[in-house]
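Note that my numbering gives residue 61 to position 19 of the sequence shown, counting from 1, and the numbers run on in steps of one. We put the CB at the ideal spot given by N, CA and C, even for glycine. Take a look at the structure below.
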Amino acid sequence: MPSPPGLRLITAVLARYANLTFGGGSPTIAVLHREIVEKRKWIGEGEFALCFALCRLTPGTNLFAFCVGVGWLLRRFSGAWAVLLAASIPCSVVIVLVTILLSRGHQSPVLAIALQGAMAAAVGITVGSCWSIVKPYVRRTTWVRVALIVGAVVTLEVLYSVPPVRVLLVAAVLGAFLPEKKT
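Written as structure tokens, this is what we have:
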């Protein structure tokens with residue numbers, strides 16, 4: 043890979059997507075995948091997968107953890123700190139202001155219907171984003187393996203309410219022991 047981009051560019055790109063992409067962490071991370079892996083080629087699929095897996099294992103906001111991981115890979119401490127601040131402060135200010143505004147109209151039937159629509163859209167965006175993240179790993183020889191792992195994860199999460207860290211650990215074990223079909 044070429045030399046990493048400058049700190050200002052890294053911060054600008056990650057801050058723009060972390061603060062201006064709607065739908066939550068997973069859709070934002072999917073957009074960041076397109077931007078930093080496919081378009082700019084700052085990191086590879088393996089490095090992206092590492093940051094994604096680690097951000098899911100850490101407590102707190104996964105998006106911030108993901109951005110910090112990418113910042114670390116690209117510029118170590120300075121990258122991690124700059125990206126953390128740039129990805130967290132602007133959206134935190136916005137959410138405080140929006141919460142203040144919405145809390146004043148919380149009993150409005152129109153607002154309640156609008157929030158239900160937004161919630162449904164957020165779920166759809168999350169499902170689509172999850173597909174774009176897993177898509178590079180789905181091939182003719184691996185789709186059954188991927189489907190089994192996804193099925194096990196959904197079963198543990200939805201039917202048995204297994205905590206996310208345990209689900210991720212089970213998925214990691216399944217991934218390690220389910221052989222890939224050789225062609």
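Quiz item: Can you list the alpha helix (DSSP H) stretches of 4 or more residues lying completely in the stretch 49-105, in chain order?
Solution: 49-62, 67-74, 87-99
Practice problem: State whether the stretch 190-203 contacts the stretch 93-100, with contact taken as three or more CB pairs (one from each stretch) at a distance under 8 angstroms. | Solution: The stretch 190-203, when compared against the stretch 93-100, does not touch it at the 8 angstroms Cβ threshold.
Quiz item: Taking the alpha helix (DSSP H) that T168 falls in, what are its first and last residues?
Solution: Element bounds for T168: 151-176.
Quiz item: How is the alpha helix (DSSP H) around G204 delimited, first residue to last?
Solution: The question names Gly, but residue 204 in the sequence shown is Val. First-last for V204: undefined, no H or E at that position.
Exercise. Return the CA-CA distance between T141 and A162, expressed in angstroms with no decimal places.
Key: 19 angstroms
Quiz item: For T141, which three-state DSSP category applies?
Solution: helix
Quiz item: How about P47: is its C-beta nearer than 8 angstroms to some C-beta of chain D?
Solution: Protein chain content of the structure displayed is limited to a single chain, and chain D is not contained in it.
Quiz item: S134 by DSSP, collapsed to three states: which one?
Solution: DSSP, reduced to helix, strand and coil, places S134 within a helical segment of the structure shown.
Exercise. State the Cα-Cα distance for the pair V186 and A91, rounded to the nearest angstrom.
Key: 20 angstroms
Quiz item: Near V112, what residues of its chain come up, given a Cβ to Cβ distance below 6 angstroms and the 5 sequence neighbours on each side ignored?
Solution: Excluding positions up to five away in sequence, the list reads C93.
Self-check item: DSSP three-state assignment for T184, whether helix, strand or coil
Solution: DSSP places T184 outside both helix and strand once states are collapsed to three, so it counts as coil.
Quiz item: Using a Cβ-Cβ cut-off of 8 angstroms (strictly less than) and excluding sequence neighbours within five positions of V188, which residues of its own chain qualify?
Solution: Setting aside the 5 residues that flank it on each side, V188 is surrounded in the same chain by V176, Y179, V180, each with a C-beta closer than 8 angstroms to its C-beta; the list follows chain order.
Exercise. Would you check if the distance between the CB atom of V110 and the CB atom of E77 is smaller than 8 angstroms?
Key: No, Cβ-Cβ distance for V110 and E77 is not below 8 angstroms.
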